[in-house]
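Colleague:
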Amino acid sequence: MSSDKADFVNAGVESFEASRLGRKDHWDSVYDREISNFKETGDIGEVWFGESAASKMVSWVRSNIGDTSARILDVGCGNGHLLLELADDGFTNLTGTDYSPQAIELAQSIAASRGFGNAITLIEQDFLNPAEVARVAAKERFDVVLDKGTYDAICLKPKGNGAADVDQAAIDTYPLSVVGSLNDAGVFLITSCNWTEDELVARFAKHLECTGRVKHSSFRFGGAVGQTVATVAFKKRRTLDS
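Numbering (our numbering), first residue to last: 8 to 249.
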């Protein structure tokens, strides 16, 4: 496990302490290194939560989204690994966004090297900015929105430079951005390592309704059973006019 990944898993979001993992400058520097590594070795870099978590998300999309031309958005796409897996599985209308221009540069290079340049569109976007959400979603919005670790990072975003407190406004804005990105029949699939299934359902309950859960490997400790990774599917609440 990389240092970043270990910090992510052990970030202690329950205590609401901010972390460098919620800072843009940290991710810019990470992807600067990964761009260099890719150019030198062809290594695409870290696969967050491992191949298994990505494969489970792709399997869920395959099983629940019958149209391979469905409009799919991966929020905080990083190196684009999840999009590559979907493209390899036949999906043709894929968009990845990230607030780090270095991440977008890396993902574009990798997608082009795999021959998926036409299937995958990569865009720099601040997902917490309503104007940016509207720009990327456009009129038709997305059939599917995916998140593998981005909400975790947002929950660690500092309120200000060097602040120990997290930016609660950013956390509260996130589900509104999801709603603004989805069309009325759209689905949202999120994978987290810092929140349990029940916590995710509770946190999004005002705006999104749980429609399913993906099982991951579980562990038993002190008589309780839990998962190190949670993946939950949602749809918009019907009472929302979006």
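Just so you know, even glycine gets a beta-carbon here, dropped at the ideal spot from N, CA and C.
Computed from a predicted structure; not experimentally measured.
#1: Under 7 Å between the Cβ atoms of Ile130 and Thr104?
#2: Where Arg30 and Lys164 are concerned, what is the direct C-alpha to C-alpha distance, given to the nearest angstrom?
#3: If you draw a straight line from the alpha carbon of Glu24 to that of Ile178, how long is it in whole angstroms?
#4: DSSP puts Ala237 in a beta bridge; with which residues?
#5: Please go through the same chain and pick out, in chain order, the residues whose beta-carbon is closer than 7 Å to the beta-carbon of Pro108, but skip the five residues on each side of it.
#6: My output table needs one value for Thr242: the three-state DSSP class, helix, strand or coil.
#7: Out of curiosity, what's the CA-to-CA distance linking Arg40 and Ser26?
#8: Determine which residues share a DSSP beta bridge with Val151 and list them.
#9: If you drop the 5 nearest sequence neighbours on each side, which residues of the same chain put their C-beta closer than 8 Å to that of Tyr106?
#10: Can you give me the C-alpha to C-alpha distance between Asp205 and Val37, rounded to a whole angstrom?
#11: For Asn201 and Gly124, I'd like the C-alpha separation in whole angstroms.
#12: Give the DSSP-derived three-state secondary structure of Thr180 in the structure shown.
#13: Going by DSSP, which residues form a beta bridge with Asp258?
#14: Tell whether a beta-carbon distance below 7 Å holds between Phe149 and Ser116.
#15: Am I right that Lys2 and Val186 are in contact with their C-beta atoms under 8 Å? What's the rounded C-beta distance?
#16: Would Leu153 pass as a contact of Asp81 if the rule is Cβ separation under 7 Å?
Modeller: Result, derived from the coordinates:
#1: Their beta carbons are under 7 Å apart, which means Ile130 touches Thr104 by this criterion.
#2: 6 Å
#3: 13 Å
#4: Ser199
#5: Correct list, in chain order: Glu131.
#6: Here the sequence assigns Lys to residue 242, which means Thr is not the residue at that position. Three-state result, Lys242: strand.
#7: 20 Å
#8: Ile79 and Val194
#9: Lys31, Trp34, Gly83, Glu131, Gln132, Asp133 and Phe134
#10: 31 Å
#11: 32 Å
#12: Helix at Thr180.
#13: With the chain running from 8 to 249 in the structure shown, residue 258 is simply not present.
#14: No, these two residues do not count as a Cβ contact at 7 Å.
#15: This structure does not reach residue 2, given that the chain is present from 8 up to 249, and the question cannot be answered.
#16: yes
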